[in-house]
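Novice:
2 protein chains.
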Amino acid sequence: MPKTAALHLHLESASKRNPLFHLTEERWAAAAKRHRALARRLTVTIGWDGDILDAALKTADLMINSNPPRERLRERAPRLKWIQTTGAGIDALMPLDWLPAGITLTNNSGAHGAKAEDSCAMALLMLNAQMPRVLNAQREHLWRPAYTTPVSGKTVVVIGFGDLGLAAGRAAKKLGLKVIAVTRSGKAGRPADAVYPVSRLDQALPKADFVIVTTPLTPQTRGLLNRARLEKIKAGAGIVNIGRAPVIDYIALRALLEKGALSGAVLDVFEPEPLPPDSPLWNTPGLVVMPHISCDDPRYIDMLFDRWFENFGRHVAGRPLRNIVDRRLGY
Amino acid sequence: MPKTAALHLHLESASKRNPLFHLTEERWAAAAKRHRALARRLTVTIGWDGDILDAALKTADLMINSNPPRERLRERAPRLKWIQTTGAGIDALMPLDWLPAGITLTNNSGAHGAKAEDSCAMALLMLNAQMPRVLNAQREHLWRPAYTTPVSGKTVVVIGFGDLGLAAGRAAKKLGLKVIAVTRSGKAGRPADAVYPVSRLDQALPKADFVIVTTPLTPQTRGLLNRARLEKIKAGAGIVNIGRAPVIDYIALRALLEKGALSGAVLDVFEPEPLPPDSPLWNTPGLVVMPHISCDDPRYIDMLFDRWFENFGRHVAGRPLRNIVDRRLGY
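Chains as they are written, first to last, in this note's numbering: chain A, -1 to 329; chain B, -1 to 329.
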């Protein structure tokens, strides 16, 4: 007789999402093999587009779901204790007034580091080499050399210094840049060379040869890089956004790019996504459109499951979970 | 009274070349200030498009000239001992049968390292992220996510391991790749993890996730990556060329890109340059056209002058010069 009854874990996916993010039976089976002892403590159901959701909620203790049900959750899911989302940003779930007090929400922050580091290094090198303009010239069959000094020794301002900001910082240090972190608290450790609280963002921006936005979307970060702040960034600098689109005023950014005030922008996030075919961003000069790929690895769900099992190990041991979303801060 | 008569140095530029490469009076004056003692030993003339070339040759001991005069040089320049070219590749000057036995030819190999390192890192990251295809999709306003694993741990084959090959190797190691060097001699030091002689190129190519060509153009490297060899490269790999265009069969490369056999190519060198507007390479899918900028810094001539003065110091001290072109090898 087992010492404890099995816990019910429900996995829920939306079939219309990119298959990369599907919580499939195959991926679960492979993960359960890698974490055999812990997996034995679980009874698992796998649902798609809500097909078995209501029945599953009745007995579920645990759930992995990028878009958890928010109506009358406590009533429908009396035993539910912990919801894991598949993404890092939970702005689409805010405000968290739907989340009953007894349910913990964890996100997947931390899964994006290695890819984000590559993407930031790539964006810094592309912007430094004036590649957005070179690519525009290629479209028009124009040979237009742009000569630039090496990137080493230049300065990047990284806004937000969580999982993605740290990755941006590591990428920049690897390339020999000076890293100025801008954080809510005004605190940041390595690899930042200097740190400013967000209240002093206006003082940090003029120092930047490059600005990388990595913040989650919260009421405090929405519109943070507005027109006035974008205009404080020096001529010829480059902008990267791997955080959330509404943190930057893209209309103002577009105007600056149109008049050639910046060397370019590499944007990975948009509102809405997919970016509609008639968006003027697609052919804004100096703008590179990345279709929200900068931080995602094809092994994404495998890594999510591994991280979830690690946290589940803490759960069964009665230790505090990692990646708990702060209800007030929203990340 | 000076111990030795001043030596006559003639600087010759073509006004139609990019101003980046002009040996201007201002740049010379700044360099002469940085190397005051050595500069005092020189009488300098500065010519453009051959305007004073014949008169200058009569008394010149030394010359810096990217395109030295090749007809009856000994007769026209009886005192000439040393010609410095402004570029690294001297394929356009080959064969060297025009160069009298008593004149030393030096090139500017070694000036391109820092920029080449940046460009190789950028190209590796762009190819790994499938950016050439993402950029093609952007042209068509298509949101087409391509998810890839981080670049670290993948393998790059670097063909040629001189100044540019070493830079490619450093870039790759910084990003965590395994580096296989392919050299004439079959010898290469750090940062190569393995080395193959060019006679075993066919064994090296199938190991590559990325191939970077950095060789000079010589009779031995012309057509080195022909159709048969390109077809040995595995599906989904990426190609970079910062060496010379004729080392790769671009027609065969284009066919492979058209059928999607490779993730992409980043090419910085073409034949002829500038690439003509009607070249099919401009809009070959998966191909990024860089207008011969990957290794050049806007401070190029300043750095050339500094390197020349260092070599001139050796010359007056009777020590062997650096960067002497091997007449047989052509680099």
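Using N, Cα and C, we set each Cβ at its ideal position, and we do this for glycine too.
Between B/N16 and A/P143, which are expected to be in contact by the criterion C-beta below 8 angstroms, what is the C-beta distance as a whole number of angstroms?
Specialist: Residue mapping note: residue 16 of chain B aligns to position 18 of the second sequence, counting from 1. Residue mapping note: residue 143 of chain A aligns to position 145 of the first sequence, counting from 1. The pair is a contact, with the Cβ atoms about 6 angstroms apart (cut-off 8 angstroms).
Novice: When burial is assigned at 16 or more other CB atoms within 10 Å of the CB, is A/E229 buried or exposed?
Specialist: Residue 229 of chain A sits at position 231 when you count from the first residue of the first sequence. By the neighbour-count rule (16 or more Cβ atoms within 10 Å), A/E229 is not buried but exposed.
Novice: Can you confirm whether B/A291, when its beta carbon is compared against all beta carbons of chain A, has any partner nearer than 8 angstroms?
Specialist: Mapped onto the second sequence, residue 291 of chain B falls at position 293. Per the sequence presented here, residue 291 of chain B reads as Ile, with Ala not at that position. Cβ-Cβ to chain A under 8 angstroms: yes for B/I291.
Novice: Determine the chain B residues that contact A/R142 at a beta-carbon separation under 8 angstroms, and present them in chain order.
Specialist: As a working note, residue 142 of chain A is residue 144 in the first sequence. The answer, in chain order, is P289.
Novice: When you compare the CB of B/K176 with every CB in chain A, is at least one pair closer than 8 angstroms?
Specialist: Position 178 of the second sequence, counted from the first residue, corresponds to residue 176 of chain B. Output row for B/K176: interface = no.
Novice: Three-state secondary structure (DSSP) at B/E256?
Specialist: Residue numbering aside, residue 256 of chain B sits at position 258 when the second sequence is read from its first letter. Residue state, collapsed to three classes: helix.
Novice: At a CB distance below 9 angstroms, what residues from the region 45 to 79 of chain A approach chain B? Give them in sequence order.
Specialist: From the region 45 to 79 of chain A, no residue has a Cβ closer than 9 angstroms to chain B.
Novice: What residue range is occupied by the uninterrupted beta strand (DSSP E) comprising B/E10?
Specialist: Reading the second sequence from its first residue, position 12 is the one you call residue 10 of chain B. Here the beta strand (DSSP E) through B/E10 covers L5 to S11.
Novice: Please list the terminal residues of the continuous alpha helix (DSSP H) segment that includes A/V314.
Specialist: To locate residue 314 of chain A, count along the first sequence from 1; it is residue 316. Its alpha helix (DSSP H) spans residues Y298 to V314.
Novice: Rounded to the nearest angstrom, what separates A/L133 and A/V177 at their Cα positions?
Specialist: Here the question's residue 133 of chain A lines up with position 135 in the first sequence. Here the question's residue 177 of chain A lines up with position 179 in the first sequence. Looking at the two C-alpha atoms, the distance is approximately 27 angstroms.
Novice: Assess, as a yes-or-no matter, whether the region 195 to 209 of chain A is touched by the region 313 to 326 of chain A under the definition of 3 or more beta carbon pairs within less than 8 angstroms.
Specialist: With a cut-off of 8 angstroms, the region 195 to 209 of chain A and the region 313 to 326 of chain A do not count as touching, because too few Cβ pairs lie within range.
Novice: So is B/M(-1) in contact with chain A if we call contact Cβ pairs under 8 angstroms?
Specialist: As a working note, residue -1 of chain B is residue 1 in the second sequence. For B/M(-1), the predicted model reports a pLDDT of 38, less than 50, meaning its position is unreliable; a value from the coordinates is still stated below. No, because no Cβ of chain A sits closer than 8 angstroms to the Cβ of B/M(-1).
Novice: In chain order, which alpha helix (DSSP H) runs of at least 4 residues are fully inside the region 87 to 167 of chain B?
Specialist: Runs found: 111 to 126 and 129 to 137.
Novice: Below 9 angstroms between beta carbons is the criterion; list the residues of the region 162 to 192 of chain B that meet it against any residue of chain A, in chain order.
Specialist: The residues in question are K172 and L173.
Novice: Taking the alpha carbon of B/V267 as the reference point, which residue from B/N309, B/V245, B/L260 and B/D276 has its own alpha carbon closest?
Specialist: In the second sequence, residue 267 of chain B corresponds to position 269, counting from 1. B/V267 has its Cα closest to that of B/V245, out of B/N309, B/V245, B/L260 and B/D276.
Novice: Please tell me whether A/L71 and A/P98 are closer than 8 angstroms, where the distance is taken between their beta carbons.
Specialist: Counted from its first residue, the first sequence places residue 71 of chain A at position 73. Counted from its first residue, the first sequence places residue 98 of chain A at position 100. The answer is yes: Cβ separation under 8 angstroms.
Novice: Can you tell me the Cα-Cα spacing of B/P66 and B/L91, whole angstroms?
Specialist: As a first step, residue 66 of chain B must be located in the second sequence, where it is residue number 68. As a first step, residue 91 of chain B must be located in the second sequence, where it is residue number 93. In a straight line, the C-alpha of B/P66 is about 8 angstroms away from that of B/L91.
Novice: Please report the residue range of the beta strand (DSSP E) in which B/T43 lies.
Specialist: For the purposes of this step, residue 43 of chain B is taken as the residue at position 45 of the second sequence. Residues L40 to W46.
Novice: Applying the criterion that 16 or more other CB atoms from any shown protein chain within 10 Å of the CB defines a buried residue, is B/L265 buried or exposed?
Specialist: The residue you call residue 265 of chain B lines up with position 267 of the second sequence. Buried, by the Cβ-count rule.
Novice: B/M120 touches chain A at which residues, Cβ-Cβ below 7 angstroms?
Specialist: As a first step, residue 120 of chain B is located in the second sequence; it is residue number 122 there, counting from the start. M120, L123, M124 and A127, listed in chain order.
Novice: For the beta strand (DSSP E) that B/K79 lies in, which residues bound it at each end?
Specialist: On the second sequence, residue 79 of chain B is found 81 positions in, with the first residue counted as 1. Segment: none, B/K79 is in no beta strand (DSSP E) and carries neither H nor E.
Novice: Taking C-beta to C-beta, are A/V18 and A/D304 nearer than 8 angstroms?
Specialist: Locating residue 18 of chain A in the first sequence gives position 20, counting from the first residue. Locating residue 304 of chain A in the first sequence gives position 306, counting from the first residue. Val is not the amino acid found at residue 18 of chain A; the sequence shown has Leu there. Cβ atoms of A/L18 and A/D304: not closer than 8 angstroms.
Novice: Cα separation between B/A170 and A/M61?
Specialist: Position 172 of the second sequence, counting from 1, holds the residue named residue 170 of chain B. Position 63 of the first sequence, counting from 1, holds the residue named residue 61 of chain A. So the alpha carbons of these two residues sit roughly 41 angstroms apart.
Novice: Can you look up B/F335 in the DSSP assignment and give me helix, strand or coil?
Specialist: Residue numbering for chain B in the displayed model covers -1 to 329; residue 335 of chain B lies beyond these limits and cannot be assessed.
Novice: Take A/A37 and list the residues in its own chain whose beta-carbon comes closer than 6 angstroms to its own, dropping the five residues that flank it on each side.
Specialist: As a first step, residue 37 of chain A is located in the first sequence; it is residue number 39 there, counting from the start. Excluding positions up to five away in sequence, the list reads A30.
Novice: The beta strand (DSSP E) that contains B/K232, what's its start and end?
Specialist: Numbered from 1 along the second sequence, position 234 holds the residue referred to as residue 232 of chain B. Counting along the chain, B/K232 falls outside any beta strand (DSSP E), and DSSP gives it neither H nor E.
Novice: In terms of residue numbering, what span does the alpha helix (DSSP H) encompassing A/A27 cover?
Specialist: Position 29 of the first sequence, counted from the start, is the residue given in the question as residue 27 of chain A. Segment E23 to R32, the alpha helix (DSSP H) holding A/A27.
Novice: Mind listing the chain A neighbours of B/T147? Cutoff is C-beta to C-beta under 9 angstroms, in chain order.
Specialist: Position 149 of the second sequence holds residue 147 of chain B. Within 9 angstroms Cβ-Cβ: A112, K113, D295, P296 and R297.
Novice: By a C-beta neighbour count over all protein chains shown, 10 Å radius and 16 as the cutoff for buried, is A/K14 buried or exposed?
Specialist: Within the first sequence, numbered from 1, the residue matching residue 14 of chain A stands at position 16. Under this definition A/K14 is an exposed residue.
Novice: Starting from B/L71 and walking both ways along the alpha helix (DSSP H), at which residues does that stretch end?
Specialist: Here the question's residue 71 of chain B lines up with position 73 in the second sequence. Where B/L71 is concerned, the enclosing alpha helix (DSSP H) stretches over L71 to R74.
Novice: Tell me the residue span of the beta strand (DSSP E) that contains A/A58.
Specialist: As a first step, residue 58 of chain A is located in the first sequence; it is residue number 60 there, counting from the start. Run containing A/A58: none; DSSP gives neither H nor E here.
Novice: Since A/L203 and A/I231 are thought to touch, with beta carbons under 8 angstroms apart, how far apart are those beta carbons, to the nearest angstrom?
Specialist: Taking the first residue of the first sequence as position 1, residue 203 of chain A is located at position 205. Taking the first residue of the first sequence as position 1, residue 231 of chain A is located at position 233. Yes, they are in contact, since the Cβ atoms of A/L203 and A/I231 sit about 5 angstroms apart, within 8 angstroms.
Novice: Does chain A have any CB closer than 8 angstroms to the CB of B/P272?
Specialist: The residue labelled residue 272 of chain B in the question sits at position 274 within the second sequence. Yes, contact with chain A.
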